[in-house]
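For the sequence shown, numbering that gives the first Met the number 0 assigns the number 0 to the initial residue and increments by one for each residue that follows.
Ideal placement from N, C-alpha and C gives every residue a C-beta, glycine not left out.
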Amino acid sequence: MRWFFVVHAACTEVTFVYTLSVVPPSWAERAVGTPLETEVWTLRWGCLALQGYGLLAGLAAIYTFIPLVLQVTMSSADLLDALARRLELSKCEPKDAAMLSRLHQACLLADATVSDITFPVVFASLLMPLISIAQALSGTVDNMDALGTAPLFMTITVPLYLVGDMLERARHGVAQSSAKGPWLDEPPRVRLLRCAIMLGAGGRGALLRCGGLGLLNRKGLVHVMRSWGGFLQAMANLRRANKQV
0 MRWFFVVHAA CTEVTFVYTL SVVPPSWAER AVGTPLETEV WTLRWGCLAL QGYGLLAGLA
60 AIYTFIPLVL QVTMSSADLL DALARRLELS KCEPKDAAML SRLHQACLLA DATVSDITFP
120 VVFASLLMPL ISIAQALSGT VDNMDALGTA PLFMTITVPL YLVGDMLERA RHGVAQSSAK
180 GPWLDEPPRV RLLRCAIMLG AGGRGALLRC GGLGLLNRKG LVHVMRSWGG FLQAMANLRR
240 ANKQV
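Below is the structure:
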């Protein structure tokens, strides 16, 4: 997983550097009405080093953050799946409730740690591809920009939503598997403990979420993809209408 994001970050860096260095800034020439002078080109090449360094630092930070969130969330989901299988096949014990409580605390701590960063990352991975593709459709920017930002939706947004759905399903699976456990072989006190585990696992807290977007799960991903596709369809229809005019 880590090498996938490393390779993707490197490809994104190469794409943007190519766009900044090779593609001439035709918008500036059209704005001033004359070709760019030597001083402007020198300043542009000088700024290119700073832009490349900032881009590389930003990509390194983002593509270190994303695998961290994915790994922590998937590990929590795997532990919840293991707990669910134990509750379904074995008698309930106090250590099972303690394990569920610690997993919830770990998920809450992870959410509190990354929640402030998750929103701008998800928002940028949704907005930047839309802007770039819309500009590419309108012909105001080179297609290399869209090529560099369009994959962000598939490499950042979709994985975060899928692992969030994995965690939610694993948590609800603990409640369902606990309900299928050997009730008849347990004393009344242990049955009450099993019921408490079912109630604790059936909640909606301690899940992967994003401020302003709610829970990151499969239902939210479908909603985002519909909105994303609707915007692109509207932009395509607008461009088609402009061509006809």
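Helix, strand or coil for residue 213? Go by DSSP, reduced to three states. strand
In angstroms, rounded to a whole number, what distance separates the CA positions of residue 167 and residue 128? 28 Å
Considering only their Cβ atoms, is the gap separating residue 69 from residue 162 smaller than 9 Å? yes
State the Cα-Cα distance for the pair residue 203 and residue 239, rounded to the nearest angstrom. 44 Å
Using the DSSP secondary-structure output, state which residues sit across from residue 208 in a beta bridge. 214
May I ask which residues mark the beginning and end of the alpha helix (DSSP H) holding residue 164? That run of the alpha helix (DSSP H) goes 157–178.
Using a beta-carbon distance below 9 Å, is residue 216 in contact with chain D? The chain labelled as chain D is not found in the depicted structure, where only one protein chain is given.
Would you mind sorting residue 200 into buried or exposed? The rule is 16 or more other CB atoms within 10 Å of its CB. buried
Helix, strand or coil for residue 91, going by three-state DSSP, please let me know. Looking at residue 91 - three-state DSSP - the assignment turns out to be coil, as it is neither helix nor strand.
Along the alpha helix (DSSP H) that carries residue 187, what are the first and last residues, could you check? Looking at the DSSP string, the run of the alpha helix (DSSP H) that includes residue 187 is 187–200.
If you reduce the DSSP assignment to three classes, tell me which class residue 150 lands in. coil
Rounded separation between residue 182 and residue 106 - CA only: 29 Å
Residue 66 in three-state terms, based on DSSP: helix
So, are the CB atoms of residue 229 and residue 118 less than 9 Å apart? no
State the DSSP-derived secondary structure class of residue 181, mapped to helix, strand or coil. coil
How many whole angstroms separate the CB atoms of residue 192 and residue 91, which I take to be in contact at a CB cut-off of 8 Å? 5 Å
So, residue 156 versus residue 124, is the Cβ gap smaller than 9 Å? yes
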